[in-house]
Amino acid sequence: MEKIFSLAEHFISINGEGQHAGELALFLRFTGCNLRCSWCDTMWANEKNAPHTEVTIPQLIGIARDAYDRGIRNVTLTGGEPLLQEGIGELISGLITTGFRVEAETNGAVPLEKFMVKDRPVFTMDYKLPSSGMEGHMIKENIPLLESDDTLKLVCGSEEDLLRAYEVITEEKPACRVYLSPVFGSIEPARIVEFMKEKGLGGVRLQLQLHKFIWDPQERGV
Ligand code: SF4
-18 MEKIFSLAEH
-8 FISINGEGQH
2 AGELALFLRF
12 TGCNLRCSWC
22 DTMWANEKNA
32 PHTEVTIPQL
42 IGIARDAYDR
52 GIRNVTLTGG
62 EPLLQEGIGE
72 LISGLITTGF
82 RVEAETNGAV
92 PLEKFMVKDR
102 PVFTMDYKLP
112 SSGMEGHMIK
122 ENIPLLESDD
132 TLKLVCGSEE
142 DLLRAYEVIT
152 EEKPACRVYL
162 SPVFGSIEPA
172 RIVEFMKEKG
182 LGGVRLQLQL
192 HKFIWDPQER
202 GV
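Last residue of the sequence shown: 203 in this note's numbering, with the numbers rising by one and none dropped.
Dropping the structure here:
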């Protein structure tokens, strides 16, 4: 049976996060999320039945081909939680075959093992810290699956979050890149830099969400 995806929006913009931050990408945002983070900035897309268009894989590949013809080589799958869409593995494979580098932004609460196949996306996986209210949902078994091209992103909104991020990094010893990212408006990026210095976090990077600085933090479709 043909897979139907709930597409909230699609647009071309720069990647705001991850290893290809600053590069143009086609964003495919899907509705539905299995978490409810206290500081979520896409709450409007989190219900499965949030405003969306129902699309098939050929339609999504068609959107991607149009972007490819305009010089775009990155596709970012986002949400909500994009990996909850039935058939997402098939879509990822189709996008890779079309010539894209595919990045999946995932929330740490979906098992990644089944996506570790030949045509796998690059993952930017969040680890939700205490201020999100969602840490209990984190699947720690995902962390050892992340490889050098993947990113583990710890989003910090408080001092408690910083300390917990430090514990996670030192206990789990991720093999992928590790980013600390501030919850916009909750903690100063300068405080995160201070913390990195205090703890000697030499292999960790500070990441700012570029979109929040370029556009209005509430702006959609950018
Ligand atoms: S996982 Fe992401 S989309 Fe879902 S509630 Fe948390 S921040 Fe929002």
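Note that CB positions come from ideal geometry on N, CA and C, so glycine has one too.
Taking DSSP as the reference, what is the three-state secondary structure of residue i?
i	result
V185	strand
N55	strand
L191	helix
I124	helix
V36	strand
K180	helix
D107	strand
I(-5)	strand
T151	helix
A145	According to the sequence provided, residue 145 is Arg. The question's Ala does not apply to it. R145: helix per DSSP, three-state reduction.
R158	strand
T79	helix
To which residues of the same chain is residue i closer than 8 Å at the C-beta, ignoring the five residues directly before and after it?
i	result
P111	S139, E141, D142, R145
T79	I42, A45, R46, Y49
H1	N55, R82, E84
E128	A156, C157
G184	V159
On the DSSP bridge list, what partners appear for residue i?
i	result
R10	E(-10), T59
C137	P163
A85	L58, F104
L5	I(-5)
Would the beta-carbon of residue i be found less than 7 Å away from any heavy atom of ligand 1?
i	result
R17	yes
G60	yes
N123	no
T214	What the structure shows of the chain is the stretch from -18 to 203, and residue 214 is not part of that stretch, so it cannot be assessed.
C21	yes
C137	no
N30	no
Among residues of its own chain, excluding the 5 on either side of residue i, which ones have a beta-carbon nearer than 7 Å to its beta-carbon?
i	result
T34	L(-12)
I120	G89, A90, P92
F8	H(-9), F(-8), S(-6), T57, T59
G(-1)	E84, T105, T132
Examine ligand 2 and report whether any of its heavy atoms sits within less than 7 Å of the Cβ of residue i.
i	result
T78	Summarising the ligand content, the structure contains ligand 1 and does not contain ligand 2.
If you drop the 5 nearest sequence neighbours on each side, which residues of the same chain put their C-beta closer than 6 Å to that of residue i?
i	result
S206	Past the boundaries of the shown model lies residue 206; the chain is included only from -18 to 203, so the question cannot be answered.
L65	G13
### Query
Should the segment 146 to 153 be regarded as contacting the segment 173 to 186, the criterion being three or more beta carbon pairs within less than 8 Å?
yes
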